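Worksheet for the structure shown next.
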Amino acid sequence: MESGEVRYCSRFPYLFLKFTLIIYSTIFWLIGAFVLAVGIYAEVERQKYKTLHGAFLAPAVILILLGLIMFAVSFIGVLASLRDNLCLLHVFMYTLGVCLILELTGGIIALIFRNQTMDLLNKNIVRGITNYYDDLDFKNIMDFVQKQSDVMNTMCGYKAMSQDRHSAQRTIYVRGCTNAVILWFLDNYTIMAGVLLGILLPQFLGVLLSLLYVTRVQDIISEWNNSANVLLTGEDSKPELEFSTVGCCRCYPGEESAA
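When you line the sequence shown up against my numbering, it's residues 142 to 400, in that order.
Here it is, written out as structure tokens:
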């Protein structure tokens with residue numbers, strides 16, 4: 142291998158990258174299994190009281206889908222890092238990258254078309270209120286938002302519906318659930334930034350870690366092939382790198398061992 146082809150080998154040892162990726166994938170594998178279990182349990186409980194059909198975007202269903210994706214992708218990462226399988230490593234890396242890009246794109250689109258996003262949110266809330274007692278998940282979410290945003294018992298008032306907003310706000314609380322949630326986001330933007338960072342940063346680290354590990358494994362394979370060619374041709378040449386690896390990769394001595 143030419144010295145110019147050595148990319149990350151001298152900086153990131155093989156075993157460090159391997160076990161870091163294994164630990165990373167295992168943690169999110171377990172988290173995915175937990176989210177999937179919670180989603181399945183919530184869906185089973187929801188089915189006992191559910192009379193509304195077509196609730197594809199129910200929170201329980203979202204948890205199940207999220208858990209399945211996390212479980213499957215993380216399992217691929219665990220298996221790929223254990224077996225040093227370049228195909229699975231690329232699948233793991235590209236899947237994380239696509240998920241990260243989709244999340245960023247979705248967030249940017251939601252910000253650019255925030256009016257349409259608000260209209261869509263309001264339509265779903267109105268539709269859910271119409272079937273308030275038909276879906277237990279939606280009922281619990283609405284109750285929680287109204288309690289936390291001080292909306293409970295504030296939309297009532299004699300002839301309040303016939304007054305304009307400025308006149309009615311003297312006697313009742315005119316801010317609805319959607320506006321209350323948006324204002325809470327604006328008032329707690331640091332918390333929301335931390336949540337977004339906590340969601341996106343691990344995925345970015347996973348992409349970076351898998352990229353470094355793929356590069357490291359490719360360098361080891363190249364060094365193995367070069368050393369095999371040296372043995373077959375009988376040329377007096379020594380590998381320029383010292384790889385200390387386990388499993389399917391051999392350990393090649395450096396100058397000290399060769400001496």
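The beta carbon of each residue, even a glycine, is placed where N, CA and C say it ideally should be.
Fair warning: this is a prediction, and the values are worked out from it, not measured in the lab.
Next item on the list: Give the DSSP-derived three-state secondary structure of phenylalanine 254 in the structure shown.
Entry: coil
Notebook entry, point to check: What residue does the alpha helix (DSSP H) around proline 200 start on, and which one ends it?
Noted result: 200-224
Note to self: In whole angstroms, give me the CA-to-CA distance for arginine 85 and lysine 264.
What the structure shows: With the chain represented from 142 up to 400, any question about residue 85 goes unanswered, as that position is not in the structure.
Next item on the list: Compare the beta carbon distance of alanine 221 and leucine 209 with 7 Å and say whether it is the shorter of the two.
Entry: For alanine 221 and leucine 209, no; Cβs fall outside 7 Å.
Next item on the list: Please confirm if the region 334-351 is in contact with the region 240-250, defined as three or more CB-CB distances below 8 Å between the two stretches.
Entry: Using a Cβ-Cβ distance cut-off of 8 Å, the region 334-351 and the region 240-250 are in contact, since at least three pairs of beta carbons, one from each stretch, lie closer than that value.
Checklist line | Alpha-carbon to alpha-carbon, asparagine 320 and phenylalanine 175 | finding: Linking phenylalanine 175 to asparagine 320 through their CA atoms gives a straight-line distance of about 33 Å.
Item checked: Per-residue burial, methionine 234 [other beta carbons within 10 Å of its own, 16 or more giving buried] -> buried
Note to self: Taking 8 Å as the cut-off, does the region 153-166 touch the region 178-191 (at least 3 CB pairs, one atom from each stretch)?
What the structure shows: no
Item checked: Nonlocal neighbours in the same chain, by C-beta distance under 7 Å from threonine 161, ignoring five residues either side -> Leu350
Notebook entry, point to check: Leaving out the 5 sequence neighbours to the left and right, which residues in its chain are closer than 7 Å to cysteine 240 when beta-carbon positions are compared?
Noted result: Gln344
Notebook entry, point to check: Does the beta-carbon distance from valine 471 to isoleucine 217 come in below 7 Å?
Noted result: The chain is shown from 142 up to 400; residue 471 falls before or after that span and cannot be answered.
Check: For proline 343, which of helix, strand or coil comes out of DSSP?
Finding: helix
Next item on the list: Could you round the C-beta distance between arginine 187 and alanine 201 to whole angstroms and report it? I think they count as a contact, below 8 Å.
Entry: Confirmed, Cβ separation roughly 5 Å.
Item checked: Simplified DSSP state of asparagine 329, which is helix, strand or coil -> coil
Item checked: Contacting residues, own chain, Cβ-Cβ under 8 Å from methionine 259 (five flanking each side not counted) -> Annotation for methionine 259: Thr319 and Ile323 place their beta carbon closer than 8 Å to its own, counting only its chain and skipping 5 residues before and after.
Notebook entry, point to check: Between serine 215 and the rest of its own chain, which residues show a CB-CB distance below 7 Å, the 5 nearest in sequence each way excluded?
Noted result: Ser166, Phe169, Trp170 and Gly173
Check: Who are the near neighbours of valine 267 in its chain, counting only those whose CB is closer than 8 Å to its CB and skipping five residues on each side?
Finding: none
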